[in-house]
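Numbering (our numbering), first residue to last: 17 to 927.
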Amino acid sequence: MDLVIVESPAKAKTINKYLGSGYKVLASYGHVRDLPPKDGSVRPDEDFAMSWEVGKPSQKRLSEIAQAMKSADSLVLATDPDREGEAISWHVLEVLRQKRALGKKPISRVVFNAITKQAVLDAIANPRQIDEPLVEAYLARRALDYLVGFTLSPVLWRKLPGARSAGRVQSVALRLVCDRESEIERFKPEEYWQVVAHLATERGDAFDARLTAFDGEKIQRLSIGNGDKAGTVKRMLENAAFRIESVEAKPTRRNPGPPFTTSSLQQAASAKLGFSASRTMQVAQKLYEGVELGGETVGLITYMRTDGVQMAPEAIANAREAIETGFGKRYLPEKARHYSTKAKNAQEAHEAIRPTSFARSPKDVERFLDRDQLRLYELVWKRGIASQMASAEIERTTVEILATSSDKTAQLRASGQVIRFDGFLAAYVDHRDDSRSAGESDEDDDDKRLPEMSAKERAERRSIDATQHFTEPPPRYSEASLIKKMEELGIGRPSTYAATLQTLQDRDYIVVDKRKLLPDARGRLVTAFLQNFFDRYVEYDFTASLEEKLDKISAGELDWKEVLREFWRDFSAHVDGTKELRVSDVLDALNEDLAPLVFPEREDGTDPRACPRCGDGQLSLKLGKFGAFVGCSNYPECNFTRQLGTSLSADAADDPAGDGPKELGTDPDTGEMVTLRTGRFGPYVQRGEGKEAARTSVPKGWDPSSIDLDKALKLLTLPREVGKHPEDGEPILVNLGRYGPYVQHQKTYANVESVDDLFEMGLNRAVSLIAEKREKGGKGRAAPAALKTLGEHPTFGGDITVRDGRFGPYVSVAKINATLPKGKDPDSVTLEEAIQLINERAEKTGKKPSAAKKTASKKTAKADGEAKGGAKAKSASSAKKSAASTKKTSSSSRSKKAVDTSDETVPWDAS
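Okay, structure coming up:
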């Protein structure tokens with residue numbers, strides 16, 4: 017028997033069916049070791065020696081692999097065909113060697129780009145050894161990410177309180193978002209006018225023509241900059257005669273694009289399907305690992321982390337067969353198409369993303385896939401097959417028109433196009449990229465059809481339009497366009513794009529609004545700090561050059577430790593140079609760098625940095641426990657402060673004059689001023705000043721601009737006592753909490769439908785709500801209904817359910833609740849993923865199998881003829897060891913601050 021190691025249990029299940037009884041396939045569940053998030057995991061003074069740690073969930077899996085290895089004849093490492101896959105195989109092999117589980121048994125490495133029976137069998141028949149240069153490239157990347165994150169993040173914490181982390185790729189991606197926002201803020205719109213003549217042929221067929229020249233002057237897009245000039249042109253054309261000078265019809269061909277890479281798939285899925293990058297990869301992973309098709313598990317697409325655009329020869333032949341069968345011979349080009357990528361540092365050895373069989377059309381698999389899987393598979397199938405189809409044949413027509421009046425002449429142009437043969441467009445129409453440069457507009461895309469006309473023919477004037485326009489700033493990045501930009505610059509790799517963007521959101525460095533990426537205040541501050549004091553390490557060219565060196569390491573052209581030595585020599589010296597940097601120096605730099613945002617110009621022309629409260633103080637950025645805010649230089653005599661909002665630009669828009677709190681009026685009972693303010697957690701109302709001031713948040717759904725004195729006074733009555741409970745005389749309170757309005761009696765909390773009910777609710781209604789809540793769930797909150805059941809947990813027993821709680825979706829079994837990762841679709845959670853999340857949660861909290869599991873264990877023991885007493889003793893011993901281990905680990909983890917330094921999950925939150 018040969019032991020085969022893959023990453024995921026779903027992949028293991030499929031491959032086990034293909035290989036048969038002579039093989040045993042086990043899953044590593046991804047990476048089994050990582051650098052411990054503590055000082056000394058990478059040691060430059062020891063020539064970059066690295067300490068690896070096996071995670072608790074992996075310890076059990078590696079023990080199972082080592083145990084299986086005892087009875088195996090050989091070891092086959094069959095992890096993914098990329099750098100990360102090679103690293104996982106290397107880690108598994110290193111651990112087995114440490115456990116002395118290998119002996120002299122043969123070891124081989126196999127790779128396959130698709131999980132199909134033929135691909136797997138071909139790979140098994142053509143083994144190789146671990147690719148050492150590829151592993152070294154992984155080690156270099158991991159060390160670089162650790163050294164940057166673990167060294168730079170503490171500098172941020174000390175010099176810029178509230179900042180959370182920095183990363184080699186993460187910080188550069190954040191800079192792209194911040195730089196684009198700065199471009200938008202600096203942008204000054206320019207006025208321009210467009211003149212369009214609505215004309216008709218002698219036969220009465222209408223068409224439009226745009227002005228291209230006037231009185232000998234060539235007209236560009238911004239040539240007519242004001243209404244006066246536009247009016248002069250319009251009046252001339254309204255009195256002009258029009259004649260067609262020339263008609264030119266030029267045939268052209270449009271070629272299809274290549275099959276998808278990781279980046280282009282994420283862009284197309286975003287534009288066409290509305291998927292985030294992480295959602296695209298989740299669905300693609302499932303299509304790659306395989307779905308059940310009529311009782312057989314089949315991988316539907318090839319490996320989805322790639323920057324290559326070429327397809328295997330047999331796949332091209334398969335696509336050409338499908339084209340001829342499904343579309344006809346005319347759609348099949350004479351020769352197969354071959355592509356090469358233009359992306360920087362692309363690894364051409366990797367195949368593009370394509371269907372494993374073009375004969376398997378989307379309609380054929382529709383009933384076996386959920387909606388998202390079908391839509392993404394259809395996208396991959398159409399793009400793949402279109403890449404081998406005939407070109408579209410298009411006829412572009414350009415008509416030049418002369419307009420003459422008594423003393424002036426003008427030139428106009430009408431253009432259009434006609435598709436004579438759709439070619440590949442019959443299968444796939446490419447999405448319109450949302451990262452077009454500033455200045456482009458729909459007017460540049462002339463795809464309308466023109467009527468028949470001939471040279472020297474007279475054209476009839478119907479009307480003349482002169483319309484005002486303004487240039488627009490470059491658009492904000494979407495996830496898709498940012499990924500495209502990172503790929504163009506050579507920053508990061510396909511496997512890291514989605515994780516990097518998710519990290520930026522998790523750290524509250526960026527926010528997503530209508531699929532556009534906006535930098536948060538914290539992100540702007542971090543980027544400004546890095547650009548002022550670590551500019552080299554957030555330069556696009558520097559980051560891309562590191563990627564080139566990593567690629568050369570993987571090709572065996574560079575020594576990985578030499579690359580690390582060169583980097584560390586300069587980087588450590590730069591960090592040492594900031595030790596004497598004072599926080600005041602940081603604030604001075606940020607005040608200057610972010611002045612237009614933090615201190616926007618005021619409508620009355622007064623100094624934007626003058627304190628609006630005391631008048632003679634100067635406003636400045638200040639740093640507190642929770643981050644940066646704006647304060648007065650005369651503190652503590654003047655305690656004026658202004659928080660930075662969701663983003664600096666948003667904060668400036670909400671308070672353009674920098675006037676701080678908005679006065680609503682005086683409380684008639686206390687005589688204190690009531691104000692509307694904005695804090696770290698959003699808008700709130702306040703009565704009075706200082707520590708004794710009363711404050712209440714503005715409820716979600718209430719427009720802050722609609723808050724008047726009456727509404728503010730109502731909010732400030734909270735929490736409000738409704739009365740005494742008739743059973744025990746204890747007070748019943750109504751209040752507004754983090755998750756909405758509620759009524760409370762002792763430790764029982766019941767939700768209230770609307771905020772208005774808090775001010776109108778009487779005792780009877782409150783008692784009724786409390787009673788209903790206790791009937792449903794006792795003192796605690798009733799568990800949300802299960803969205804779906806995944807299956808039984810192998811250790812804790814009972815069915816694992818997916819639920820949607822007040823903190824978001826989670827998986828649950830035996831009173832253990834594990835929150836799903838941010839952005840994870842509850843519908844896409846697999847049983848294996850749920851088990852892993854629950855195990856990690858149980859280990860973290862020290863929870864043991866519940867009574868339900870014990871009952872199940874007894875039944876199992878009885879059915880198998882095991883002795884109950886022995887089973888109980890073994891269970892108790894294991895639980896005791898587990899508790900001791902958990903306690904020891906917990907104590908150890910408290911001794912040092914943990915910092916996760918990978919670009920996928922970047923450092924510990926210092927705030």
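In this text, a Cβ means the ideal position worked out from N, Cα and C, and glycines have one as well.
Around residue 685, the same chain offers no residue with a beta carbon nearer than 6 Å, after the five sequence neighbours per side are excluded. Fewer than three Cβ pairs drawn from the stretch 51 to 69 and the stretch 94 to 105 lie within less than 8 Å of each other, which leaves the two stretches out of contact.
Of the candidates 88, 134, 24, the residue whose Cα lies closest to the Cα of residue 120 is 88. Per DSSP, the continuous beta strand (DSSP E) segment holding residue 486 begins and ends at 474 to 486. For residue 577, the enclosing alpha helix (DSSP H) starts and ends at 576 to 592.
When beta bridges are read from the DSSP output, residue 613 appears opposite no residue. Check the Cα spacing between residue 122 and each of 129, 113, 128: the tightest is with 113. Within the same chain, Cβ atoms closer than 7 Å to the Cβ of residue 404 are found at 332, 335, 336, 339, 352, 353, the five residues on either side in sequence being excluded. In this structure, residue 624 and residue 615 form a Cβ contact; the two beta carbons are roughly 4 Å apart against a cut-off of 8 Å.
Put simply, of 561, 608, 774 the residue whose alpha carbon is nearest the alpha carbon of residue 735 is 774.
The DSSP-derived three-state label of residue 291 is coil. Bounds of the alpha helix (DSSP H) holding residue 107 are 99 to 114. Residue 126 is positioned such that its CB atom lies no closer than 7 Å to that of residue 149.
Remark: C-beta atoms of residue 35 and residue 91 do not approach each other more closely than 7 Å. Rounded to whole angstroms, the gap between the alpha carbons of residue 466 and residue 269 is 19 Å.
Under the DSSP assignment, residue 165 falls in the alpha helix (DSSP H) whose first and last residues are 148 to 175.
Shown here, residue 351 sits in coil according to DSSP, grouped into three states, outside any helix or strand. Judged by beta-carbon spacing, residue 688 lies within the 7 Å limit of residue 703, meaning their Cβ atoms are closer than that value. Taken through DSSP and simplified to helix, strand or coil, residue 85 comes out as helix. In this structure, 191 is the residue among 32, 341, 191 with its C-alpha nearest to the C-alpha of residue 553. For the beta strand (DSSP E) assignment, the uninterrupted runs of no fewer than 3 residues enclosed by the stretch 293 to 338 are, from N- to C-terminal side, 307 to 309, 312 to 314. Secondary structure at residue 397: helix, using DSSP grouped into helix, strand and coil.
Taking C-beta atoms as the reference points, residue 216 and residue 417 fail to come closer than 7 Å. The C-beta of residue 128 has 16 or more other C-beta atoms within 10 Å across all chains shown, which makes the residue buried. In this structure, the beta-carbon distance from residue 649 to residue 607 does not fall below 7 Å. Ranked by how close their Cα comes to the Cα of residue 232, the residues 424, 846, 138 have 424 in first place. Taking the Cα positions, residue 81 is about 15 Å away from residue 29. In this structure, residue 306 lies away from residue 296, with their beta-carbon atoms at least 7 Å apart.
When Cβ pairs closer than 8 Å are counted between the two stretches, the stretch 273 to 280 is seen not to touch the stretch 820 to 833, the count staying below three. With distances taken between CA atoms, residue 303 lies nearest to 372 out of 724, 372, 836.
From the listed residues 770, 24, 402, 598, the smallest Cα separation to residue 441 is found for 402. Counting along the chain, residue 851 sits inside the alpha helix (DSSP H) bounded by residues 847 to 861. If you check the CB distance, residue 131 and residue 315 come in under 7 Å.
In the DSSP assignment, residue 773 falls within the unbroken alpha helix (DSSP H) covering 772 to 776. In terms of CA proximity to residue 469, 261 leads the group 261, 855, 180. Residue environment analysis places residue 291 among the buried positions, since at least 16 neighbouring C-beta atoms fall within 10 angstroms of its C-beta.
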